[in-house]
Amino acid sequence: MNIALIIAGGVGARMGQDIPKQFINVYDKPVIVYTMEAFQKHPNIDGIEVVCLDGWHEVLYAYAKQFGISKLENVVCGGVNGQDSIRNGLLDIAKRHNNDDDIVLVHDAIRPMVSQDIISDNIRVCKQYGNAITVVPCTAAMLKTYDGLSTEEQVPRDNLKTTQTPQAFFLKDIIEAHKEALEKGITKSVASCTMYIELGRKLFMSIGSEKNLKLTTPEDIEIFKALLQAKKDSWMH
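Numbered per the UniProt record's numbering, the sequence shown spans residues 1 to 237.
Structural data, given as structure tokens:
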């Protein structure tokens, strides 16, 4: 089974909105619904689990019903940080799925433009190598600063990749990794991929896209709207 674990535990402080950014409406549909729909319509995704802010669970279930997200299996509360929230979701998934070949795709709720191709390649690479981190090439000039104001040092970009989500793992492997991380005092890793690196594990890369945008600022919402409109326009031809 391939299960999407959508992480929607953030409050979205940088958006300057009263509601969490994953619940902001864009063209009469909440951001998180676009995200769930991407996994709902993928033929190789069998279930969806959401880690959600406390107090928003019933809202999420209502949206799932309204927009036909029939693959939604459960909604659980987030933790004190991202690593904690992911672990909460994984342990809940493991109550229902415990086969050795079960794969979980950890994905940000605020990446609503994830494509079917990105999901497919994530699953393919994970099946072949044991895990898969969605990445794009680093195209910008990379500068290192120590004071936040000035720089005298560049980082060659040829070997650099920018990570995205989804990030896929065999369920049993990532649960075991989370347990090892706790034992070693690794508790604040910003993503599953960074936790694996901190544990000294090798990661494998799958293909991402610049369109697989993470919505963190109001400007990102404007870009998201433009991408949706461009998609809409292409359907008309």
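Here a beta-carbon is modelled for each residue, glycine too, at the ideal position from N, C-alpha and C.
Exercise for the section: Can you tell me the Cβ-Cβ gap for K31 and L215, rounded? I've got them flagged as a contact below 8 Å. Expected result: For the purposes of this step, residue 31 is taken as the residue at position 31 of the sequence shown. For the purposes of this step, residue 215 is taken as the residue at position 215 of the sequence shown. In the sequence under discussion, the amino acid at residue 31 is Val, which differs from the Lys named in the question. About 6 Å separates the beta carbons of V31 and L215, which is inside the 8 Å limit, making them a contact pair.
Handout entry: When A109, A168 and D147 are compared against A132, the one with the closest alpha-carbon
Key = The residue given as residue 132 occupies position 132 in the sequence shown. With distances taken between Cα atoms, A132 lies closest to A168.
Practice task
Put A140 into one of helix, strand or coil per three-state DSSP.
Solution key: Against the sequence shown, residue 140 aligns to sequence position 140. If DSSP states are grouped into helix, strand and coil, A140 belongs with coil.
Handout entry: Residues near H237 by beta carbon distance below 7 Å, same chain, minus five either side
Key = The residue you call residue 237 lines up with position 237 of the sequence shown. With a pLDDT of only 47 at H237, under the threshold of 50, the placement of this residue in the model should not be trusted; the figure read from the coordinates follows. Non-local C-beta neighbours of H237 in its own chain, meaning closer than 7 Å and more than five positions away in sequence, are absent.
Handout entry: Minimum C-alpha distance to A109 - residue among L213, K232 and L228
Key = Translated into positions along the sequence shown, residue 109 becomes position 109. If we check each option's Cα against that of A109, L213 comes out closest.
Exercise for the section: Leaving aside the five residues before and after V114 along the sequence, list all residues of the same chain whose C-beta is less than 6 Å from its C-beta, in chain order. Expected result: Position 114 of the sequence shown, counted from the start, is the residue given in the question as residue 114. The residues are A38 and N212.
Problem - CB contact flag (V80, C52, <8 Å) - result: Start at 1 with the first residue of the sequence shown, and residue 80 comes out as number 80. Start at 1 with the first residue of the sequence shown, and residue 52 comes out as number 52. No, the pair does not count as a contact, with Cβ atoms beyond the cut-off.
Handout entry: H107 beta carbon less than 8 Å from that of L171
Key = Taking the first residue of the sequence shown as position 1, residue 171 is located at position 171. Taking the first residue of the sequence shown as position 1, residue 107 is located at position 107. Between L171 and H107, the CB-CB gap reaches or exceeds 8 Å.
Exercise for the section: Could you tell me which of I221, G78, D84 and V50 sits nearest to I186, measuring between CA atoms? Expected result: To locate residue 186, count along the sequence shown from 1; it is residue 186. For I186, the closest alpha carbon among the candidates I221, G78, D84 and V50 is that of D84.
Exercise for the section: For I174, collect the residues of the same chain with a Cβ closer than 7 Å to its Cβ; drop the 5 residues on either side in sequence, then sort them by chain order. Expected result: In the sequence shown, the residue the question calls residue 174 occupies position 174. For I174, where only same-chain residues beyond five positions count, the Cβ hits under 7 Å are L90, V104 and S192.
Handout entry: Pair within 8 Å by beta-carbon distance, I48 and E73
Key = Translated into positions along the sequence shown, residue 48 becomes position 48. Translated into positions along the sequence shown, residue 73 becomes position 73. Result yes, Cβ atoms of I48 and E73 sit closer than 8 Å.
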